Structures are given as C-alpha cells and as structure tokens.
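Residue numbers (this note's numbering): 40 to 338.
Beta carbons are placed, not taken as given, at the ideal position from N, Cα and C, and that holds for glycine.
For clarity, every value in this text was computed on a predicted model and none was experimentally measured.
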C-alpha cells in the first residue's frame, strides 16, 4: 500500500508578526519624539531658557582636549564603517542584514542633517545661538552601535553593547560640555537613531535565525550587562535630578555649573535608556535554547 507522505505543518507567523510589531512601535515612538522634543525645547521660551542656562556653565577649563574621540565621527570614518559592516555581514552570509545595518547608519546621519537644516530656533527667549537640533555626532555614534550589533553574533553582543554604549555616552556628554549641543539635541539624536533601527528591524530580514552563529553564549555576561545598563541609567538620572535641584534652588541666581552637570547627566541617561530598550527588545536578557546552561545534560 502506498502511503501519502505527511506534510509538515506550516510554521506559525506569530513570532514574526510580534517581532515586526514591537520594532514598528519603536520606530513610531522615535518618529513622534523628534518633533515633540523640538517643539517643547526649541519653540517655547521655557525650553530655550532651561537649556541656555546649562550653556552658561560651559568653561574653557572643561575643554580638556578630548575632541579626538569626537573628530573620529567624520564622513571617511562613516564610509569605512559601512563597508566593514557589509563585509562582515557578507562573510556571515547575512548580506541583507548588513545592507539594513548600513541603512541605519546612513539614513540616521542623513535625517539628522536634514532636520538640522530645516529646523529653526526662533529668538523668543533672548537666545541668539543658532539651531543645533539634533546632534549629528550623537546620532552617528548611536546608529553605529545599533548597526554593528545587527551584524555581530549574539554571543559577542554583550561586549559590543558595553563598549559602544560607553562611547555613545562619552560623545553625548562631551558635545554638551563643549557647548556644541543642548540636552534636547541629544534626545532628538537618540530618537532619530531609534526610529531607523525600528524601521529596519520591522521591515527588514530576520537578524537571528537560530543557527550556530546566533547562539547566546552563557547567561552570566548577559545578566551583568542587563543589570549594568539598568543601574547606569538609574544612577545617571538620579545624579542629574540632584544637580538640577541644586542648580535651581541656589540663593538667588541659578548655579549654571550645576545645571550643566544636570544637562550632561540627562544627555547620558537618554543614550543609556535607548540602548537599554534595544537590549531588552532584542531579547538578550533571556536564556535561549542554545545556551549551554539551559541544555539538558547527557546521560
């Protein structure tokens, strides 16, 4: 008797739909934050006065020659980074993912430049400084981190996340210290990078396919990074709030140096918060089935 071969049931589209939906929500959130922050911080007298108060704390002594790390962000370096990202993805047979990662960097940088050119900063609060919203440096630093993570095997992402987040925080912090950018510029930059990452993850190919190169590795490093990101974000916010209270409750005039510290902490916290959101959305805090600690022992 001839038997009809059994047909395997089609794979559920549930996880794919859920993945695309959550990254689509992230993209929409970033898209909405950009104009909201611009309106609140740039187009209102209160917003302009609050941010210009921090600029009053900028001193020459703060410029301690650390602009080398900021100068790394340039067109040649961005171009080289894109080439390396695509090459790594091609070597891993993930060319489509690499092209998506390159799009995150290039589209984020282009969007930041475009918004900065078309946005205006009206002189409504005795502020004569030109518009600087959003920060191109912070946008590229964060977008570069997201792009590199897309083509990095999961077991190496904890290290890449820590190093990349530290650099992005440093860039955001120093642009505020130098007086190049305000807090809103950093928040806007984070939103731009987050928006494009969300779009690529929602509309692009699946980044992790459950193959050998997608194994998470051991849970210990991932747990450490999860705790580190949450703790760093919380501590930075707490220090920023404390500095702001000191700055605005001083006797008489504002303490501009304390407000500058608050601005630096707010900028750093915004970067850390975005990295933390991406980390948890990527599921790096979970133990995958390929985790050595979760595999059944041989008998």
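Residue i versus residue j: straight-line alpha-carbon distance, rounded
i           : j           : result
residue 198 : residue 92  : 37 Å
residue 170 : residue 132 : 43 Å
residue 57  : residue 240 : 12 Å
residue 126 : residue 287 : 51 Å
residue 188 : residue 165 : 43 Å
residue 206 : residue 238 : 24 Å
residue 220 : residue 233 : 19 Å
residue 210 : residue 61  : 28 Å
residue 229 : residue 182 : 8 Å
residue 208 : residue 119 : 22 Å
residue 269 : residue 108 : 25 Å
residue 83  : residue 194 : 46 Å
residue 59  : residue 315 : 19 Å
residue 103 : residue 212 : Unreliable positioning characterises residue 103 in this predicted model, as indicated by a pLDDT of 49, which lies under 50. The coordinate reading is nonetheless provided below. Roughly 13 Å separates the two Cα atoms.
residue 111 : residue 121 : 14 Å
residue 161 : residue 176 : 23 Å
residue 235 : residue 313 : 13 Å
residue 129 : residue 113 : 24 Å
residue 200 : residue 271 : 13 Å
residue 159 : residue 76  : 13 Å
Cβ-Cβ separation, residue j to residue i (assumed contact under 8 Å), whole Å
i           : j           : result
residue 190 : residue 124 : 6 Å
residue 265 : residue 224 : Not confirmed; about 28 Å, so no contact.
residue 144 : residue 186 : 5 Å
residue 309 : residue 226 : 5 Å
residue 87  : residue 157 : The Cβ separation is near 19 Å, so there is no contact.
residue 217 : residue 81  : Rounded, the Cβ-Cβ distance is 19 Å, inconsistent with contact.
residue 151 : residue 178 : 4 Å
residue 73  : residue 231 : 6 Å
Check whether the stretch 254-271 touches the stretch 65-85, counting contact only when three or more Cβ pairs, one atom from each stretch, lie closer than 8 Å.
no
If we require 3 or more residues per run, which beta strand (DSSP E) segments fall completely within the stretch 164-204?
none
Using 8 Å as the Cβ pair cut-off and three pairs as the minimum, do the stretch 315-323 and the stretch 293-306 touch?
no
Any chance the stretch 239-247 sits against the stretch 139-148, with 3 or more Cβ pairs inside 8 Å?
yes
Pairing CB atoms from the stretch 277-285 with CB atoms from the stretch 304-316, are three or more of them under 8 Å?
yes
Report the start-end ranges of each alpha helix (DSSP H) in the stretch 215-268 that is 4 residues or longer and not cut off at the edges.
222-242
Could you tell me which uninterrupted alpha helix (DSSP H) segments, each at least 4 residues in length, are contained entirely in the stretch 118-162, listed from first to last along the chain?
134-157
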